[in-house]
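Trainee:
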Amino acid sequence: MLSPERLALPDYEYLAQRHVLTYMEDAVCQLLENKEDISQYGVARFFTEYFNSVCQGTHILFREFSFIQATPHNRASFLRAFWKCFRTVGKNGDLLTMREYHCLLQLLCPDFPLELTQKAARIVLMDDAMDCLMSFSDFLFAFQIQFYYSEFLESVAAIYQDLLAGKNPNTVIVPTSSSGQHRQRPPLGEASLLEGVEASLFSQCLENLCDRHKYSCPPPALVKEVLSNVQRLTFYGFLVALSKHHGINQALGALPDKGDLMHDPAMDEELERLVVRSRLHWTSRQHRAEKPGAFGFQRRDKLEAPESMPSASAPSPYPCRWEPRE
Amino acid sequence: MIPGKYRSVSGRAANNVEFKLNKETPSFSGRLLQHDLERNYSSRQGDGRVISPSPRNKSSCISSTTNVTELCGLEMKTTMSSLSAFGDSSIQTPSKSRIRQGCHSAGPNVSGDHIHLASSSMPSFPILQRSSEEKILYSDRLTLERQKLTVCPIIDGEEHLRLLNFQHNFITRIQNISNLQRLIFLDLYDNQIEEISGLSTLRSLRVLLLGKNRIKRISNLENLKSLDVLDLHGNQITKIENVSHLCDLRVLNLARNLLSHVDNLNGLDSLTELNLRHNQITFVRDVDNLPCLQRLFLSFNNISTFESVCCLADSSSLSDITFDGNPIAQESWYKHTILQNMMQLRQLDMKRVTEEERRIASVVAKKEEEKKRESHKQSLLKEKKRLTINNVARKWDLQQNRIPNIAPNQDRKVSDSPQDPSQLHGSTVSAFPEETGSLDSGLSNTLQGLSVTDTHLVEVDGDTLSLYGSGALESLDRNWSVQTAGMVTTVSFTFIEFDEIVQVLPKLKIKFPNSLHLKFKETNLVMLQQFNALAQLRRVDQLTIDPQGNPVVNFTLWKYYVLFRLSHFSMQKINGTEVTQNDMIMAERLFGILAHVASSELPQYRLISILGDVRKKQFRYLLETKGKKPGLVNEENSDSKRLVGENTNRATLNYTTRDFYNERLEEIKEKKKFCKMYMEDLVKEATEINMKNEALQKLWPQMFIELVRDAVIEIRNKNSYMKLCLQQITDQK
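Here the protein sequences line up with chains A and B, keeping their order. With this note's numbering, letter number 322 in the first sequence gets 322, and the count goes up by one each step, no holes. With this note's numbering, letter number 127 in the second sequence gets 453, and the count goes up by one each step, no holes.
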């Protein structure tokens, strides 16, 4: 019941660190918001449902951005929800622009900031040609890194810039607030000599950072692994490597492996059912409209319909398997 | 020798004259003025009318003799001169005249049969002499017709001359006549004069005939104040000028010149006849400043519209006009337009205007006028509309630049913004041909442009309600007639922020229940979720999103999202393209899971807050069935649900406008602040209690032992303890 860490911290700090306070606050806030309705079916029921949905990761659907990014669990839940809802878009093979992906994000979170999407697109497109089309998986994994580790990446960017400028990385003060100034590319004269920074030095700095960092950061061992393969690397090269690393994806735990990205049998079944229904809907509409000539179509649809009826909703192969992390 | 030769020439001329004298006088005198067909009054062409003051009243067979007589008679009347011979009905030509070359330095200048005036610095002129009996006989006239003269001869001792005729010579310059100060009639027809000059002393000149010369400008007429007839036909004059002082001029002939227009006619207060045939005139001005003008000949010019000669309508004196040979005369409206606008006209193109013609003209013209007024009104409205739309577009552009974060990187082409309203209208018509056809055109006319203001435009045109500019949305508050509201099936929004449109959608639903086709242009549709807002409408069959000013159209998924989100409308067309079953299925495939997740995975408390009051009924229905397996629920109730309205699983996908959303975020922030404080207090209290509890837990075993020990010590001595107890009991009593 009592973890050893719990004894090391005063209760309040412990609760805050574990984001329990965040959820409690939010629960009360939600309760406040829908006082009348909730009082009808019971406050206890509400709290049960609330914390259940937090566990299932469905609590972030259509919520405001400030809440979605408030905890790592929320971020992971959002990533998962995004994947779940728009996997079909990727499956269809559509290549979309950054703006279109942003629109999809906004369907789930109306005030999702464009800046984050842009940054994610920069990882895919290597900082140029922002109007290019991207595949769903490329975008999703880049977006995962950018969204989940957004504060960490800010700090990394700052360190990278300092290394480029030749400053002693030990004196670096890690910025905690996001600021656009790190986006500046190094002057051309310097960059043309040797692109990027030395991997070992960079790795050392990042290790330092991971120790100090109060936001979530990728497992240091995996970061080291990424950096150990190369001599020199650029900032975006580093981000691409991060986004393509299986281990990091697994450690983050929100998305399936790249190979299984389009795989979600439960939802596929659900979808088939929906499609059949929409077909039936269409044929009934055709009947109503009494349009001749469409009969051939309808007959085939009707035959097809019972075949693809789902038996029952199978349990999701990806049950909630993450825990709140710091 | 030379004089002899010359003499022979003049002798020939004399013979000529004599021969003519043998003929009948009228025909001869007719010849005097009958320069050619141009000037022949009896000919069809009217250019010769320069000396026919009142042709209407004379039959055309009366030749120009009469006219001359009349002219002279008139002259006599007006000047009251004692020129009795001039007043005769027959004008006789001086039968003999002799010209003698000036004796000195004449030799080198003579060549061939002609008297040649060289361009040497020492000019020499022939000197004309007449015999004394001739002088007596024709004391006031002198004719030097067809004498092959290249210069004007010096005419000595003829100061009393009244009439001088140089017809058909080769004179290039008017000279040597300045001493003939009593001259009244000067005829220089058919010469080679290039400039009007040498006339400044001829103050009593009344008739000046300069037809068929090479004159380029009207000039040097300043002193000829009593000029009555000025004939300049067949020259190269390009404009009318320097005539404003000729207040006695009655006849001006400018036929066969190079005039491109008519103006500068001020001051010609006596002008009764103006001949302008065979020019290149495109427009006529100033004619209404001629108080006496009766006859105007504009045949064979380049007049194509009535507007270019409209000043004629203001002339009250004009009674005879010709337009034949102009483009205008080919027009179907020509005759009645002219007759209607010039009621005073008695003759048009040489034909008498009858009462019947006039009546028909007035009827036709009235109709025309009405039509014109109507079309003018229409065009005025159209223009106003165009201006308003331009204005709205400009404002829109300004607004877009000012708030770039709403539509980032939106490059609107300003040049595209002024749009053709008729085109807009046309597209609507083609979309609903049968409905438009059945409309009462009068009604649509009256409805057109119901309100036009500077910042916005509302227009009902047939079945289309067009709104331009955000101000136009207020018109939805107005009381629309049931008929109008029922008729409108297409609503078009232009230059309006979509977020603003969203706010009036409920009104639109109530006021225009039949609206089936929505059009958006320049409305800043940038996100897919904005389409969610349209789901609240009653019915939408067609949706047209113009790519201009709606970046969302550039997305590959937008159509599918629309079909998915608005699937309960069973839409037929999107941007003019028919919706197919495959489209519907594709839409379902792409976004079906989103809807499923949104409906089945959303916690109930969220469902409530998202759906709001209106959909609570549906929600309760969902609640009741939620216990069962979700798949089953959807299967069982999909039909009934569809009849109710949109699918509940899609209802959670809605759109709040940016402002409203920001407001809500603020609200949430406030609440959050409160919750944070509240939770802080609660948690602090709880942890404190917890701490105390823990401390108690720690102390309790020791405390218990101590308590037991105390008790044992107390009862160790049984007797004393019993005593003590008894004591206590008795004390109580």
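Ideal Cβ placement from N, Cα and C applies to all residues, glycine included.
(1) Taking only three categories from DSSP, how would you classify Met267(A)?
(2) At 9 Å on the CB atoms, spell out the chain B contacts of Thr88(A), in chain order.
(3) When Cβ atoms are compared, which residues of the region 897–916 of chain B fall closer than 7 Å to chain A?
(4) Here's the rule I'm using: 16 or more other beta-carbon atoms within 10 Å means buried, otherwise exposed. How should Glu848(B) be labelled?
(5) So for His587(B), helix, strand or coil by DSSP?
(6) Just reading off the alpha helix (DSSP H) that Tyr886(B) is part of, what are its end residues?
(7) Am I right that Leu991(B) and Asp111(A) are in contact with their C-beta atoms under 8 Å? What's the rounded C-beta distance?
(8) Counting only C-beta atoms, is Tyr931(B) closer than 8 Å to chain A at any point?
(9) Using beta carbons (cut-off 8 Å, strictly below), is Glu33(A) in contact with chain B?
(10) Taking 8 Å as the cut-off, decide whether the C-beta atoms of Leu547(B) and Asp574(B) are in contact.
(11) Any idea if Met1048(B) is buried or exposed, counting beta-carbon neighbours within 10 angstroms, 16 or more meaning buried?
(12) Report the rounded CA-to-CA distance for Lys692(B) versus Gln670(B), giving the unit in angstroms.
(13) So with Cβ pairs under 8 Å, would you call Val866(B) a contact of chain A?
(14) Secondary structure at Pro452(B), three-state DSSP: helix, strand or coil?
(15) Going by C-alpha distance, which of Leu153(A), Asp26(A), Ala199(A) is nearest Phe51(A)?
(16) Fully enclosed by the region 789–866 of chain B, which beta strand (DSSP E) runs are 3 residues long or longer?
(17) Can the beta-carbon of His571(B) be found less than 8 Å from the beta-carbon of Gly593(B)?
(18) So Ile871(B) is in the beta strand (DSSP E); what residue range does that whole segment cover?
(19) Near Met134(A), which residues of its chain fall below 6 Å by C-beta distance, leaving aside the five closest residues on each side in sequence?
(20) Return helix, strand or coil for Asn579(B), following the three-state DSSP convention.
(21) Does the pairing of the region 39–49 of chain A with the region 908–916 of chain B give three or more beta-carbon distances under 8 Å?
(22) Can you check whether the C-beta of Asn1016(B) is within less than 8 Å of a C-beta belonging to chain A?
(23) In the region 698–726 of chain B, which residues sit with their C-beta less than 9 Å from some C-beta in chain A, listed in chain order?
(24) So what does DSSP say about Thr469(B), is it helix, strand or coil?
(25) Between the beta-carbon of Leu979(B) and the beta-carbon of Arg891(B), is there less than 8 Å?
(26) Measure the alpha-carbon distance for Val54(A) versus Ser841(B) and round it to whole angstroms.
(27) Scan the region 487–552 of chain B and note each continuous beta strand (DSSP E) run of 3 residues or more that stays entirely inside, going in chain order.
(28) Suppose you measure from the CA of Asn1043(B) to the CA of Asn1019(B); what does that come to, to the nearest Å?
(29) Since Ser53(A) meets chain B, which of its residues come closer than 7 Å, beta carbon to beta carbon?
(30) Hey, out of His486(B), Leu468(B), Arg488(B), whose CA is closest to Pro479(B)'s CA?
(31) In whole angstroms, what separates the C-alpha of Gln620(B) from that of Gln673(B)?
(32) At a CB-CB cut-off below 9 Å, which residues of chain B make contact with Met262(A)?
(33) Using a Cβ-Cβ cut-off of less than 8 Å, give me the residues of the region 116–128 of chain A that come near chain B, in sequence order.
(34) Put Glu225(A) into one of helix, strand or coil per three-state DSSP.
(35) Among the candidates Glu269(A), Cys85(A), Asp211(A), Ser150(A), whose CA atom is the shortest distance from the CA of Gln118(A)?
(36) With DSSP run on the structure shown, which of helix, strand or coil describes Thr648(B)?
Mentor: On the basis of the supplied data:
(1) Counting from 1 along the first sequence, the entry for residue 267(A) is found at position 267. DSSP places Met267(A) in helix when its eight states are reduced to three.
(2) Translated into positions along the first sequence, residue 88(A) becomes position 88. Chain B residues near Thr88(A): Arg915, Leu916, Phe917, Gly918, Ile919, Leu920.
(3) Gln907, Met910, Ile911, Glu914, Arg915, Leu916
(4) Reading the second sequence from its first residue, position 522 is the one you call residue 848(B). Glu848(B) is buried by the Cβ-count criterion.
(5) Numbered from its first residue, the second sequence carries residue 587(B) at position 261. Three-state DSSP puts His587(B) in a strand.
(6) In the second sequence, counting from the first residue as 1, residue 886(B) sits at position 560. Residues 884–891.
(7) Your numbering for residue 991(B) matches position 665 in the second sequence. Your numbering for residue 111(A) matches position 111 in the first sequence. The Cβ separation is near 7 Å, so the contact holds.
(8) Here residue 931(B) refers to the residue found at position 605 of the second sequence. With 8 Å as the cut-off, Tyr931(B) counts as an interface residue toward chain A.
(9) On the first sequence, position 33 is the one that residue 33(A) refers to. Yes, Glu33(A) lies at the interface with chain B (some Cβ there is under 8 Å from its Cβ).
(10) For the purposes of this step, residue 547(B) is taken as the residue at position 221 of the second sequence. For the purposes of this step, residue 574(B) is taken as the residue at position 248 of the second sequence. No; because the gap between Cβ atoms is not below 8 Å, this pair is not in contact.
(11) Within the second sequence, residue 1048(B) is the residue found at index 722, counting from 1. Classification for Met1048(B): exposed.
(12) In the second sequence, the residue the question calls residue 692(B) occupies position 366. In the second sequence, the residue the question calls residue 670(B) occupies position 344. C-alpha separation (whole angstroms): 17 Å.
(13) Position 540 of the second sequence holds residue 866(B). So no, Val866(B) is outside the interface.
(14) Translated into positions along the second sequence, residue 452(B) becomes position 126. Pro452(B) falls in the strand class under three-state DSSP.
(15) The sequence position of residue 51(A) within the first sequence is 51, counting from 1. When only C-alpha atoms are compared, the closest one is Asp26(A).
(16) 790–794, 816–820, 843–847
(17) Within the second sequence, residue 571(B) is the residue found at index 245, counting from 1. Within the second sequence, residue 593(B) is the residue found at index 267, counting from 1. Going by C-beta atoms, His571(B) is nearer than 8 Å to Gly593(B).
(18) Residue numbering aside, residue 871(B) sits at position 545 when the second sequence is read from its first letter. Unbroken beta strand (DSSP E) run through Ile871(B): 868–871.
(19) Residue 134(A) sits at position 134 when you count from the first residue of the first sequence. Same-chain partners within the cutoff: Val124.
(20) For this step, residue 579(B) is matched to residue 253 along the second sequence. DSSP places Asn579(B) in strand when its eight states are reduced to three.
(21) no
(22) Reading the second sequence from its first residue, position 690 is the one you call residue 1016(B). Closer than 8 Å to some Cβ of chain A, the Cβ of Asn1016(B) qualifies, so yes.
(23) none
(24) Here the question's residue 469(B) lines up with position 143 in the second sequence. The answer is strand: DSSP assigns Thr469(B) an E or B state.
(25) Counting from one through the second sequence, the residue named residue 979(B) turns up at place 653. Counting from one through the second sequence, the residue named residue 891(B) turns up at place 565. It is a contact, given that the beta carbons lie within the stated cut-off.
(26) On the first sequence, position 54 is the one that residue 54(A) refers to. On the second sequence, position 515 is the one that residue 841(B) refers to. Their Cα atoms are separated by approximately 43 Å.
(27) 489–491, 511–513, 533–535
(28) Here residue 1043(B) refers to the residue found at position 717 of the second sequence. Here residue 1019(B) refers to the residue found at position 693 of the second sequence. Approximately 37 Å between the Cα atoms of the pair.
(29) Along the first sequence, read from residue 1 onward, the residue named residue 53(A) stands at position 53. Those are Pro929, listed as they occur along chain B.
(30) Along the second sequence, one-based indexing puts residue 479(B) at 153. Taking only the C-alpha atoms, the option nearest Pro479(B) is Leu468(B).
(31) Here residue 620(B) is taken as the residue at index 294 of the second sequence, counted from 1. Here residue 673(B) is taken as the residue at index 347 of the second sequence, counted from 1. One C-alpha to the other measures close to 10 Å.
(32) Counting from 1 along the first sequence, the entry for residue 262(A) is found at position 262. Neighbours of Met262(A) on chain B: none; closest Cβ ~12 Å, over 9 Å.
(33) none
(34) Mapped onto the first sequence, residue 225(A) falls at position 225. Helix.
(35) For the purposes of this step, residue 118(A) is taken as the residue at position 118 of the first sequence. Answer by Cα proximity: Ser150(A).
(36) Reading the second sequence from its first residue, position 322 is the one you call residue 648(B). Three-state result, Thr648(B): strand.
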